[in-house]
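Notes to accompany the following structure.
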Amino acid sequence: MSILKRQGEKVIPDFIEDDFISAFETGLNRTFYYQDKYIEISRISQSEEYELGYDGVLTTIVPFYIQFKRSDFYTPNFSGKLLTDRAHISLPVDKGFFAFDLLKKKDNFGQHNAMFRLSQVAKAVYVAPLFFKKADLTKMKNYAYEYIPVYYNDIDIFDSHLRRHHNFRNVLLFKNAITIPPHAEVTDDETSHHYSYCRQSKVGFHSEALNLDDSKSETVYYFIQNIFKQEKRYNEINSQVESIFNLLPGFFELEIHSKEFDNILEASINRVSIIDNDTNIKLLKDKLGLLDKLLVIEDILFHYFGIKQFIKFEH
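Residues in the sequence shown are numbered consecutively from 1, following our numbering.
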């Protein structure tokens with residue numbers, strides 16, 4: 001008997017979302033060597049860079065945002081609305097397709113709308129698998145083989161645990177996961193919403209069916225490559241982080257100087273640091289440095305919305 005759960009011709013993956021996230025983060029948590037530069041990707045709360053500080057240590061910081069999704073697979077024999085919608089808007093269905101629904105919490109799609117607003121000032125994408133079997137996920141956790149870098153543009157990965165070097169192009173998981181940028185805010189809270197996609201990166205949005213032929217969806221392999229290529233001067237980084245920080249109150253439909261947002265900010269600072277009870281949060285807010293703000297952004301986004309912030313650190 002198959003371990004896959006079937007509902008008609010809908011296949012529910014036999015791995016949990018946390019397994020996918022763990023494999024993905026393990027793949028990122030390496031030291032990369034690219035064009036004579038050492039690069040690390042991590043969450044700022046888990047990096048040594050936060051303790052060391054920015055000045056004199058890092059040459060660039062690039063924040064990006066990911067919402068992980070585990071998708072169901074729909075075979076070509078599926079006859080439900082998602083398939084008929086894809087066919088109607090000229091998206092391929094002959095080899096099957098994947099789909100995930102947007103999270104609805106407290107009667108709204110706050111997570112998705114936060115992702116969309118983030119995408120206007122930084123890289124922010126959904127990341128979903130192009131497979132549905134746990135056996136495939138297990139295989140993709142392993143690198144293909146050890147290698148010696150040949151080209152200047154090769155991305156070299158050093159695995160400190162195995163004491164080996166690998167080529168970035170051999171990370172199978174990154175080639176078998178898709179990125180989907182949020183295409184618009186969702187204002188209709190009365191219905192469910194989905195993204196559908198196939199292995200050819202043809203993406204659709206569903207409540208009212210929409211062909212997102214300009215969605216710029218790509219595999220994680222190419223998405224991370226583009227992150228590596230981004231370089232920003234200090235003033236550009238500072239301006240971007242300030243813009244992201246200023247978005248936070250809007251995610252709660254609050255003003256940045258409101259008492260309600262100060263309470264959210266104070267709770268976040270208490271989670272990530274230790275402050276005196278009599279600390280004036282308004283004064284402290286004005287003294288937060290670049291890395292402090294990134295730490296608060298990371299905490300608030302994950303605590304309230306489940307969105308993960310990653311940082312590319314370049315030495």
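Every residue, glycine too, gets a C-beta built ideally from N, C-alpha and C. On a predicted model such as this, the values are computed, not experimentally measured, just so you know.
#### Entry: L301 to T84 span [Cα, whole Å]
35 angstroms
### Cutoff 8 angstroms; reference A99; Cβ partners in own chain excluding five residues on either side
S71, D72, Y74, L82, H194, Y195, S196, Y197 and H206
### Message
In the DSSP assignment, the alpha helix (DSSP H) including T60 goes from what residue to what residue?
### Response
T60 -> not in any alpha helix (DSSP H); beta strand (DSSP E) instead, spanning T60 to F68.
### Query
Since G250 contacts L91 with CB under 8 angstroms, what's their CB separation in whole angstroms?
With 8 angstroms as the limit, G250 and L91 do not qualify as a contact, their Cβ atoms being about 32 angstroms apart.
### Query
Per the contact definition of three or more C-beta pairs closer than 8 angstroms, is the segment 212–228 in contact with the segment 236–249?
The segment 236–249 vs the segment 212–228: no contact.
### Query
Anyone know if the C-beta pair for A122 and I244 falls short of 8 angstroms?
yes
#### Entry: Reference T187, options I256, D107 and N170, closest by Cα
D107
### Message
Can you tell me whether N270 is helix, strand or coil according to DSSP?
### Response
helix
### Task
Can you say whether P149 is buried or exposed, counting buried as having 16 or more other CB atoms within 10 angstroms of its CB?
For P149, the pLDDT reaches just 46, beneath the cut-off of 50, and the residue's location in the model is therefore unreliable, leaving the point undetermined.
### Message
Give me the residue from I307, S22 and V11 with the minimum Cα distance to K141.
### Response
S22
### Query
Going by Cα to Cα distance, which pick from T26, S239, G306 and K216 is closest to L290?
S239
### Query
Hey, how far is the Cα of L130 from the Cα of K312?
25 angstroms
### Option nearest N29 by Cα separation, candidates S42, K259 and E208
S42
### Query
Can you tell me where the beta strand (DSSP E) with S196 in it begins and where it stops?
H194 to Y197
### Beta-bridge partners of H183, as assigned by DSSP
In the DSSP output, where bridge partners are listed per residue, H183 has none listed.
### Task
Can you tell me the Cβ-Cβ gap for F116 and E185, rounded? I've got them flagged as a contact below 8 angstroms.
5 angstroms
### Query
What did DSSP end up calling N77 once you bin it into helix, strand or coil?
coil
### Task
Following the continuous alpha helix (DSSP H) through D107, name the residue where it begins and the one where it ends.
Segment: none, D107 is in no alpha helix (DSSP H) and carries neither H nor E.
### Message
Report the CB separation of Y65 from I307 in whole angstroms; it is logged as a contact under 8 angstroms.
### Response
6 angstroms
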